[in-house]
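Chemist: Residue numbers (my numbering), protein chains in the order written: chain A, 1 to 323; chain B, 1001 to 1323.
One structure is given below, represented as structure tokens, and several questions about it will come after.
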């Protein structure tokens, strides 16, 4: 992943230079804390690459890149409260290190800081347009998170509803990251549409892959226990496909597991076996590959540049990741 | 308050016409719920008046007026979680009617909807400028809320710190409401500065008045029990002034009350007596009146119009409110 290093270094340096005030400490310390934790910075890197692919210097898109990274971190702070997650990237989550009120408020503050970053774009960038794209993207993320929470109490979620949910929760911000880079470069509508397509396809592929890796990855490398999603009774792509395709007896048993929210080690092993016997994992891999292929196809619209090459490498790297 | 009715009716009608999507329900139902509750709509009315005072049709500022009302409601949803408040305007709060996760998320969504309203301003309004003013104002509200929460665990809060806190928590959004109206009317910097001054003075006067009314208002009319702030151990303007001006014995007793967070009926009566005997209530009234006078003075900059007359009446009404 050496080709990503210069992009990541640029983002880290810019984050380091962010001038967040010192006080009130309960507002700003959590923002500094989460921004200083080790992260891959995939979204802002996509913004830089998109600007480069559309013929602009990547530096011009830095405020937009920072904006998406800050919004991503805002959503992590708030999602971790909702999901009652204790740790993130190896560190205590904000609501655990401080408390829920501090996490709510510092998340709010971080969202505002994110949107404020766009004020730093050069005057020739269409501020109203980039703001609209950004805000609508964040709203889609909220919609996705709401659907995800609603799914917890439902046993009749369809695969289509799932794809719609991850379009918001995971893919919308990835699409926005790319489109904002394009807007900074004054790309035409055709190119913006292609960037949008790359983002949504990539986001959906990535999320389905996460669902697959939950049952096939080496837990040591993946950093999560095998079948973690199953233990939690999550409605992943695999689980929904299994529910749609298995026989009546298996379905009744599955529904019972999900209803009672008591899934033990044996249940997890049996569910993983069912994934195999019904060909669910292979089908999911095929859908994932279709989304990666859609992203690669949309990428063809762009001229050959170093940035296009780098994005192509990044897509390829993600496609082949094993954790 | 008949003179306010046409403004309030316009705002209600515009809120009624807001096109929030139907689903996901957990994202949008709470937003519709809080917007439909009975409210005074003071902030958006100030935006309309400011636009009118600066020579513009008030209709032009409607998107900005909606934006401040939506942000106000966002802050209510999140503050009520932090303050563990069960009811608001006679209705169950969002986190009680639904749950904390739904309240966090729908609050986030409402904040985005608020900022999106500015997209509907006519193209001749300086979008980047009005956005900057708005976002910085919301950030000040977050700062104020953070300081207020920090004060809960401190016994050495000064009156100056308190004034700084309410400048954020209460006054910043009132100032922003007025300034945004001015920006919609393309007012010059002198007028914008005067609107800002009116807003901050009005906001601080209003908050200190709330602190005073807690101990002198008719609880029936005020809608809160007498001394409610004292029972909660709140560091109000009166409490901080008392701590600064009382003798050592009274101070030790007070500090003890606040430390142990056990304030009973007798304690409340004694504290109200101390407010009287040390002249704290009168001093607070005097400071409140100074802030109202500052607002009225800044208002003099504007030409005589119906809108200036209405704002003057509104200030006068607030100054003389008894609950």
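All C-beta atoms, glycine included, are put in the ideal place defined by N, C-alpha and C.
Model, not experiment: these values are computed from the prediction.
Taking residue 122 of chain A as part of the alpha helix (DSSP H), name the residues at either end of that continuous run.
Modeler: If you number the first chain from 1, residue 122 of chain A lands on position 122. Here residue 122 of chain A belongs to no alpha helix (DSSP H), and DSSP marks it neither H nor E.
Chemist: What does residue 149 of chain A touch in chain B if you count any residue whose Cβ is under 7 Å from its own?
Modeler: Your numbering for residue 149 of chain A matches position 149 in the first chain. Under the 7 Å cutoff, chain B gives 1026, 1101.
Chemist: Spell out the partners DSSP gives residue 1092 of chain B in its beta bridges.
Modeler: Residue numbering aside, residue 1092 of chain B sits at position 92 when the second chain is read from its first letter. Answer is B:1087, bridged to residue 1092 of chain B.
Chemist: Kindly say whether residue 95 of chain A, judged by its beta-carbon, lies nearer than 8 Å to any beta-carbon of chain B.
Modeler: On the first chain, residue 95 of chain A is found 95 positions in, with the first residue counted as 1. Cβ-Cβ to chain B under 8 Å: no for residue 95 of chain A.
Chemist: Tell whether a beta-carbon distance below 8 Å holds between residue 71 of chain A and residue 80 of chain A.
Modeler: On the first chain, position 71 is the one that residue 71 of chain A refers to. On the first chain, position 80 is the one that residue 80 of chain A refers to. Not a contact, by the Cβ cut-off of 8 Å.
Chemist: Between which two residues does the alpha helix (DSSP H) carrying residue 177 of chain A extend?
Modeler: The residue given as residue 177 of chain A occupies position 177 in the first chain. According to the DSSP assignment, residue 177 of chain A belongs to the alpha helix (DSSP H) that extends over 172 to 184.
Chemist: Mind pulling the chain A residues with CB within less than 9 Å of residue 1142 of chain B?
Modeler: Stepping through the second chain from its first residue, residue 1142 of chain B is reached at position 142. Near residue 1142 of chain B (Cβ distances below 9 Å), the residues of chain A are 24, 27, 105, 106, 108, 109, 112.
Chemist: Which bits of chain A does residue 1019 of chain B rub up against, with CB to CB less than 9 Å?
Modeler: For the purposes of this step, residue 1019 of chain B is taken as the residue at position 19 of the second chain. Under the 9 Å cutoff, chain A gives no residues; its nearest Cβ is about 13 Å from residue 1019 of chain B.
Chemist: Going straight from the alpha carbon of residue 245 of chain A to that of residue 255 of chain A, what length do you get?
Modeler: In the first chain, counting from the first residue as 1, residue 245 of chain A sits at position 245. In the first chain, counting from the first residue as 1, residue 255 of chain A sits at position 255. Distance between the alpha carbons of residue 245 of chain A and residue 255 of chain A: 13 Å.
Chemist: Could you work out which residue in A:10, A:47, A:11, A:35 is closest to residue 307 of chain A when comparing CA atoms only?
Modeler: Sequence index remark: in the first chain, residue 307 of chain A carries index 307 (1-based). For residue 307 of chain A, the nearest C-alpha among the options comes from A:47.
Chemist: So with CB distances below 7 Å, who are the chain B contacts of residue 207 of chain A?
Modeler: For the purposes of this step, residue 207 of chain A is identified with residue 207 of the first chain, where counting begins at 1. The premise fails here: residue 207 of chain A is roughly 17 Å from chain B at the closest Cβ pair, so nothing lies under 7 Å.
Chemist: Against chain A, does residue 1078 of chain B count as a neighbour if the rule is that its beta carbon must be under 8 Å from one of theirs?
Modeler: Along the second chain, one-based indexing puts residue 1078 of chain B at 78. Yes, its Cβ sits closer than 8 Å to a Cβ of chain A.
Chemist: Can you check whether the C-beta of residue 1243 of chain B is within less than 8 Å of a C-beta belonging to chain A?
Modeler: The residue labelled residue 1243 of chain B in the question sits at position 243 within the second chain. No, residue 1243 of chain B does not count as interfacial toward chain A.
Chemist: So what's residue 1022 of chain B in DSSP terms, helix, strand or just coil?
Modeler: Working through the second chain from its first residue, we reach residue 1022 of chain B at position 22. In this structure, residue 1022 of chain B counts as coil in the three-state DSSP scheme.
Chemist: Take the Cβ of residue 277 of chain A as the centre, count every other Cβ of all protein chains shown within 10 Å, and call the residue buried at 16 or more, exposed below.
Modeler: Residue 277 of chain A sits at position 277 when you count from the first residue of the first chain. The residue is exposed, with fewer than 16 neighbouring Cβ atoms inside 10 Å.
Chemist: Flag residue 131 of chain A as yes if its beta-carbon sits less than 8 Å from any beta-carbon of chain B, otherwise no.
Modeler: Position 131 of the first chain, counted from the first residue, corresponds to residue 131 of chain A. Residue 131 of chain A counts as touching chain B.
Chemist: State the start and end residues of the unbroken alpha helix (DSSP H) segment that holds residue 253 of chain A.
Modeler: Here residue 253 of chain A is taken as the residue at index 253 of the first chain, counted from 1. Segment 248 to 260, the alpha helix (DSSP H) holding residue 253 of chain A.
Chemist: What does residue 1116 of chain B touch in chain A if you count any residue whose Cβ is under 7 Å from its own?
Modeler: Within the second chain, the letter at position 116 stands for residue 1116 of chain B. Going along chain A in sequence order, the residues near residue 1116 of chain B (Cβ under 7 Å) are 135.
Chemist: Using a Cβ-Cβ cutoff of less than 7 Å, which residues in the same chain neighbour residue 1138 of chain B once the five nearest sequence positions on both sides are dropped?
Modeler: Indexing the second chain from 1 puts residue 1138 of chain B at position 138. Same-chain partners within the cutoff: 1071.
Chemist: Take residue 51 of chain A as the anchor and find which of A:318, A:320, A:311 has the nearest alpha-carbon.
Modeler: The sequence position of residue 51 of chain A within the first chain is 51, counting from 1. Among A:318, A:320, A:311, the Cα nearest to that of residue 51 of chain A is on A:311.
Chemist: Output, in chain order, the set of chain A residues within a Cβ distance shorter than 7 Å of residue 1145 of chain B.
Modeler: If you number the second chain from 1, residue 1145 of chain B lands on position 145. Simply 105.
Chemist: Between the segment 1253 to 1271 of chain B and the segment 1170 to 1182 of chain B, do at least 3 Cβ pairs fall closer than 8 Å?
Modeler: no
Chemist: Quick one: which chain B residues come within Cβ less than 7 Å of residue 138 of chain A?
Modeler: Taking the first chain and counting its residues from 1, the one referred to as residue 138 of chain A is at position 138. Residues of chain B with a Cβ closer than 7 Å to the Cβ of residue 138 of chain A are, in chain order, 1112.
Chemist: Any beta-carbon of chain B closer than 8 Å to the one on residue 174 of chain A?
Modeler: Residue numbering aside, residue 174 of chain A sits at position 174 when the first chain is read from its first letter. At a cut-off of 8 Å between C-beta atoms, residue 174 of chain A does not count as an interface residue with respect to chain B.
Chemist: In whole angstroms, what is the alpha-carbon distance linking residue 323 of chain A and residue 218 of chain A?
Modeler: On the first chain, residue 323 of chain A is found 323 positions in, with the first residue counted as 1. On the first chain, residue 218 of chain A is found 218 positions in, with the first residue counted as 1. Their backbone Cα atoms lie some 7 Å apart in a straight line.
Chemist: Nearest to residue 1060 of chain B by alpha carbon, out of B:1167, B:1120, B:1213, B:1316?
Modeler: One-based indexing of the second chain puts residue 1060 of chain B at position 60. Closest by alpha carbon: B:1120.
Chemist: Find the nearest neighbour of residue 169 of chain A within the set A:3, A:205, A:153, judged by alpha-carbon distance.
Modeler: Mapped onto the first chain, residue 169 of chain A falls at position 169. Selected option, being the one with the closest Cα: A:205.
Chemist: Hey, quick one: how far does the alpha helix (DSSP H) through residue 214 of chain A stretch, first residue to last?
Modeler: Residue numbering aside, residue 214 of chain A sits at position 214 when the first chain is read from its first letter. Start and end: 189 to 216.
Chemist: Are the C-beta atoms of residue 1119 of chain B and some chain A residue less than 8 Å apart?
Modeler: Locating residue 1119 of chain B in the second chain gives position 119, where the first residue counts as 1. So, interface residue.
Chemist: What does the alpha-carbon distance come out to for the pair residue 1088 of chain B and residue 1033 of chain B?
Modeler: Indexing the second chain from 1 puts residue 1088 of chain B at position 88. Indexing the second chain from 1 puts residue 1033 of chain B at position 33. Straight through space, the alpha carbons of residue 1033 of chain B and residue 1088 of chain B are spaced by roughly 12 Å.
Chemist: Tell me the rounded alpha-carbon separation between residue 123 of chain A and residue 1129 of chain B.
Modeler: Position 123 of the first chain holds residue 123 of chain A. Position 129 of the second chain holds residue 1129 of chain B. Roughly 12 Å between the two C-alpha positions.
Chemist: With a threshold of 8 Å between beta-carbons, can residue 81 of chain A be considered close to chain B, or not?
Modeler: Numbered from 1 along the first chain, position 81 holds the residue referred to as residue 81 of chain A. Contacts with chain B at 8 Å (Cβ-Cβ) include residue 81 of chain A.
Chemist: Quick check on residue 320 of chain A: does DSSP put it in helix, strand or coil?
Modeler: Counting from one through the first chain, the residue named residue 320 of chain A turns up at place 320. Residue state, collapsed to three classes: coil.
Chemist: Could you work out which residues of chain B lie near residue 127 of chain A, taking near to mean beta carbons separated by less than 7 Å?
Modeler: The residue given as residue 127 of chain A occupies position 127 in the first chain. Those are 1127, 1128, listed as they occur along chain B.
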